[in-house]
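If you're matching positions, the sequence shown starts at 15 in the working numbering and goes up one per residue.
Structure record follows, encoded as structure tokens.
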Amino acid sequence: MRFKIKLFSAWVFTVGIGSVWLFPGHSLSQTPFYQGKTITVIRGGSPGGSGDLQARALLPYLKKYIPGEPTLIIENMPGAAGRKAANFIFTAKPDGLTFGAVGAGLVIGPILGLPGTNYSLDKLIYLGSTESGDPYVFFTHKSTKLDSLEKLRAASGIRIGAQTVSHPNYVSGRIVAYLLGLKDPKFVVGYSGPEIDVALARGEVDARANTSDTILQRNREQLEKGEIQILTTITIPKGRFHPRFANVPDLDSFARNEKERQLVNLFRTFLYPRWPYILPPGTPPEIVKILRDAMDNAFKDPAFPKDYKKLMAGDPSPLSGSEMETVIRELPRDPETVGLYKKIAEHGPLPPR
15 MRFKIKLFSA WVFTVGIGSV WLFPGHSLSQ TPFYQGKTIT VIRGGSPGGS
65 GDLQARALLP YLKKYIPGEP TLIIENMPGA AGRKAANFIF TAKPDGLTFG
115 AVGAGLVIGP ILGLPGTNYS LDKLIYLGST ESGDPYVFFT HKSTKLDSLE
165 KLRAASGIRI GAQTVSHPNY VSGRIVAYLL GLKDPKFVVG YSGPEIDVAL
215 ARGEVDARAN TSDTILQRNR EQLEKGEIQI LTTITIPKGR FHPRFANVPD
265 LDSFARNEKE RQLVNLFRTF LYPRWPYILP PGTPPEIVKI LRDAMDNAFK
315 DPAFPKDYKK LMAGDPSPLS GSEMETVIRE LPRDPETVGL YKKIAEHGPL
365 PPR
């Protein structure tokens, strides 16, 4: 009898060791997968921009809610409105130790078939977004004396600054120029976000577009002093004005027909997941769940909105990973509207109205 008990105990011990070997995530000590590890966050933009700041607001809370509290480091990878970073993540090792924090350019590239887009929206894995849209504004510097829409329309050769061709700031500036019927506008690219502000102040460009929260976070003093004039806004989602800029006209009020209204709506939809966080295809489901749960808990933490607002000057409006999946799946793909949008997003003359 004693021999049978010893034999049974040995069998239990062997099965236990085998299960630990087969399922290392369920070891006897239940050590969290991320304990002692480092996660690299590939940030698709330059240091100091809005995307960088929103990531720095979120990551301490994400660390807090990932079991094991790993170290999180940001690696900036600017280029192609975030698509360079998305390309990198798409082919990264799916081990849960690298994920992307990109901008709305993530969605625009594949839908429009923009050059340099080497990833599939349907294969990436979504963790969430710190914002679900932020109204855009179009503004000039006081030195231009273009302080009204009438003066803007009467001028010729307005220089509009942006980061790169197809960047949301570039596209929104082009849509403004198109719907306002500006005369021979010039689009000057090659800047980082903060560099465009400097170029505007120096008179190297006459106007630019940017998000409302970024204006309040980075240009509040200039705004209060009257050094910049906000002339129009693109509400995102439709009808949601930023309270600070509720007195300026919504851009789609200048649309002449349904096709032009849909052009503005497509821009809104592209920017609805404002700061997407993404994982490589093939990331194990249990790791996806850990990170999605941590993201959801970070968004729910009562201290997160306060810290976010300190850096971004506005409140977060988060989307969960599953909500982002729905947004991606339901993207409008009407060929005529997409075709017009593509002409706007590309380099070259604006299409005739």
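Here a beta-carbon is modelled for each residue, glycine too, at the ideal position from N, C-alpha and C.
Note that the coordinates shown come from a computational prediction; the quantities given were computed from them, not determined experimentally.
- Excluding sequence positions up to five before and after Pro81, its CB lies within less than 6 Å of the CB of Pro46, all in the same chain and listed in chain order.
- Under the 10 Å beta carbon count, Pro332 is surrounded by 16 or more other beta carbons and is classified as buried.
- Secondary structure note for Glu89: its beta strand (DSSP E) is the uninterrupted segment 85 to 90.
- Counted as a single uninterrupted DSSP element, the beta strand (DSSP E) harbouring Ser143 occupies residues 139 to 143.
- In the three-state reduction of the DSSP assignment, Phe113 falls in the strand class, which pools E and B.
- Out of Lys51, Gln49, Gly63, Val55, the CA that lies nearest to the CA of Met326 is found in Gly63.
- If you check the CB distance, Ile125 and Ala95 do not come in under 9 Å.
- DSSP places Phe47 in the coil class of the three-state scheme, outside both helix and strand.
- The continuous alpha helix (DSSP H) containing Arg306 extends over residues 299 to 314.
- Counting the other Cβ atoms within 10 Å of the Cβ of Glu274 gives 16 or more, which makes it buried.
- Beta-carbon to beta-carbon, Ala118 and Pro182 are separated by about 5 Å, close enough to satisfy the 8 Å threshold.
- The C-alpha of Pro330 lies about 24 Å from the C-alpha of Pro84.
- When DSSP assignments are scanned along the segment 233 to 289, the uninterrupted stretches of beta strand (DSSP E) that are 3 or more residues long and fall wholly within it turn out to be 242 to 248.
- DSSP links Arg173 through a beta bridge to Lys200.
- Thr340 is bridged by DSSP to nothing; it lacks a bridge partner.
- Going by C-alpha positions, Phe284 is about 8 Å away from Leu345.
- For Ala260, the number of other beta carbons within 10 angstroms of its own is below 16, and it is reported as exposed.
- In this structure the segment 130 to 141 does not lie against the segment 236 to 250, because fewer than three pairs of beta carbons, one per stretch, are closer than 8 Å.
- In this chain, the alpha helix (DSSP H) harbouring Tyr192 covers 182 to 194.
- Distance check between Ile53 and each of Asp109, Met91, Ala71 places Asp109 closest, using alpha-carbon atoms only.
- At the C-beta level, Ile358 and Val203 stay beyond 9 Å of one another.
- As the crow flies, the alpha-carbon of Lys107 is around 50 Å from that of Leu166.
- The residue among Gln68, Ala69, Pro92, Leu138 with its C-alpha nearest the C-alpha of Pro299 is Leu138.
- Only residues of its own chain outside the window of five on either side were considered, and among them Tyr140, Gly142, Ser143, Pro287, Pro290 have a CB closer than 7 Å to the CB of Met338, listed in chain order.
- Here DSSP, grouped into helix, strand and coil, assigns Leu135 to coil.
- Looking only at Gln236, Thr228, Phe255, Gly114, the smallest Cα-Cα distance to Ser157 is reached by Gln236.
- Tyr75 sits in a helix when the DSSP states are folded into three classes.
- It is roughly 43 Å from the alpha-carbon of Asp227 to the alpha-carbon of Gln44.
- In the DSSP assignment, Ala213 falls within the unbroken alpha helix (DSSP H) covering 207 to 216.
- Beta-bridge partners assigned by DSSP to Thr154: Ala221, Gln243.
- For Leu333, the secondary structure class from DSSP, reduced to helix, strand or coil, is strand.
- Looking at the DSSP output, Arg167 bridges to nothing.
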